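A.B. asks: Under our numbering, the first residue of the sequence shown carries the number 1, and numbering increases by one thereafter. Even for Gly, the Cβ is constructed at its ideal location relative to N, Cα and C. If you're wondering where the values come from, they're calculated on a predicted model, not measured in any experiment. My questions will all concern the structure given below.
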Amino acid sequence: MVLIVEFEIGTPILRRTVAAVSRIDVEEIYRSETGAIKLVCWVYGDDPEAVEPALEADDTVAAFSLLEDPGDRRLYSVTLSEQGQAHLTYPTAAKYDIGYREVTVTEDTNIRARVPTREALFAYRDICREKGIPFRIQRIFEESAAAGDRYGVTERQWEALTVALEEGYFDVPRETTLSAVAEEIDISAQALSARLRRGQANLLRNTIGESTPT
Numbered sequence: 001m002v003l004i005v006e007f008e009i010g011t012p013i014l015r016r017t018v019a020a021v022s023r024i025d026v027e028e029i030y031r032s033e034t035g036a037i038k039l040v041c042w043v044y045g046d047d048p049e050a051v052e053p054a055l056e057a058d059d060t061v062a063a064f065s066l067l068e069d070p071g072d073r074r075l076y077s078v079t080l081s082e083q084g085q086a087h088l089t090y091p092t093a094a095k096y097d098i099g100y101r102e103v104t105v106t107e108d109t110n111i112r113a114r115v116p117t118r119e120a121l122f123a124y125r126d127i128c129r130e131k132g133i134p135f136r137i138q139r140i141f142e143e144s145a146a147a148g149d150r151y152g153v154t155e156r157q158w159e160a161l162t163v164a165l166e167e168g169y170f171d172v173p174r175e176t177t178l179s180a181v182a183e184e185i186d187i188s189a190q191a192l193s194a195r196l197r198r199g200q201a202n203l204l205r206n207t208i209g210e211s212t213p214t
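Here it is as structure tokens:
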């Protein structure tokens with residue numbers, strides 16, 4: 001049975017930045033065409049003007065750009081420095097087919113992930129510790145018992161997919177635009193694009209991805 005695991009790691013990534021704000025939600029982690037590791041993340045805080053000086057002073061950040069500023073939060077594209085990449089655990093998670101669902105940075109980095117087996121979880125944990133990254137499991141439960149998990153799709157992904165479907169985004173030809181759907185659920189178009197991709201990947205992985213062709 002596939003597991004949903006909530007755990008905490010003590011990675012230094014964005015640690016200096018989050019000290020100046022209240023919370024960072026990572027929407028997407030990916031490797032660019034140039035090979036750089038990038039994060040798309042929402043930054044929350046009472047003082048928006050403190051965000052960019054904190055990013056500039058963060059030695060895990062090589063570069064950043066503002067993507068969206070709806071007022072109560074800001075969406076940034078962040079390129080990790082060599083220091084940041086050295087402490088990134090996402091490639092290890094991918095190696096063991098562990099899929100991140102939610103990543104929230106506060107005093108520590110809290111991750112909610114879909115894990116195929118306990119062996120994969122413990123292998124991931126051991127590599128984190130080998131890198132000097134503290135690892136602590138908070139909760140483990142079977143995916144079928146996870147509230148809001150339907151075919152491996154999180155509640156936010158389910159909302160994005162449902163609204164996009166209802167508005168005709170998946171029709172041929174399309175009846176609406178990505179920006180219009182994003183406005184409907186009050187997120188940026190780039191954040192919506194990332195959420196749709198993750199939702200579709202989870203949906204496919206837990207439907208046709210688990211079937212055996214005959």
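In this structure, how does DSSP classify A146 when only helix, strand and coil are distinguished?
C.D. replies: Counting from one through the sequence shown, the residue named residue 146 turns up at place 146. Reliability fails at A146, whose pLDDT of 47 lies under 50, so the model's placement of it is uncertain and no value is given.
A.B. asks: I'd like the span of the beta strand (DSSP E) that includes Y44, first residue to last.
C.D. replies: Counted from its first residue, the sequence shown places residue 44 at position 44. That run of the beta strand (DSSP E) goes 37-44.
A.B. asks: Quick check: what's the CA-CA separation for E224 versus L39?
C.D. replies: Within the shown structure, residues of the chain are numbered from 1 to 214, placing residue 224 beyond reach of any answer.
A.B. asks: Who are the Cβ neighbours of S179 in its own chain at under 8 angstroms, not counting the five residues just before and after it?
C.D. replies: Within the sequence shown, residue 179 is the residue found at index 179, counting from 1. Around S179: A189.
A.B. asks: Reducing DSSP to helix, strand and coil, say where L3 ends up.
C.D. replies: Looking up residue 3 in the sequence shown gives position 3. Correct three-state label for L3: strand.
A.B. asks: For A147, count neighbouring C-beta atoms within 10 Å of its own C-beta (all shown protein chains included) and say buried if the count is 16 or more, exposed if not.
C.D. replies: Here residue 147 refers to the residue found at position 147 when the sequence shown is read from its first residue. Any reading at A147 must be qualified, since the residue scores a pLDDT of 45, below 50, and its modelled position is unreliable; the value itself is stated next. Exposed: under 16 other Cβ atoms inside 10 Å.
A.B. asks: Apply the 10 Å Cβ neighbour rule to T109 and answer buried if 16 or more other Cβ atoms are within range, or exposed otherwise.
C.D. replies: Counted from its first residue, the sequence shown places residue 109 at position 109. With 16 or more Cβ atoms within 10 Å of its Cβ, T109 is classed as buried.
A.B. asks: Note down the Cα distance separating A145 from P134, rounded to an integer number of angstroms.
C.D. replies: In the sequence shown, the residue the question calls residue 145 occupies position 145. In the sequence shown, the residue the question calls residue 134 occupies position 134. Any answer about A145 is weak, because its pLDDT of 47 lies below 50 and its placement is not dependable; what the coordinates show is given next. Roughly 27 angstroms separates the two Cα atoms.
A.B. asks: For A34, count neighbouring Cβ atoms within 10 angstroms of its own Cβ and tell me buried if that reaches 16, exposed if not.
C.D. replies: One-based indexing of the sequence shown puts residue 34 at position 34. Checking the sequence shown, residue 34 turns out to be Thr, not Ala. So T34 ends up on the exposed side.
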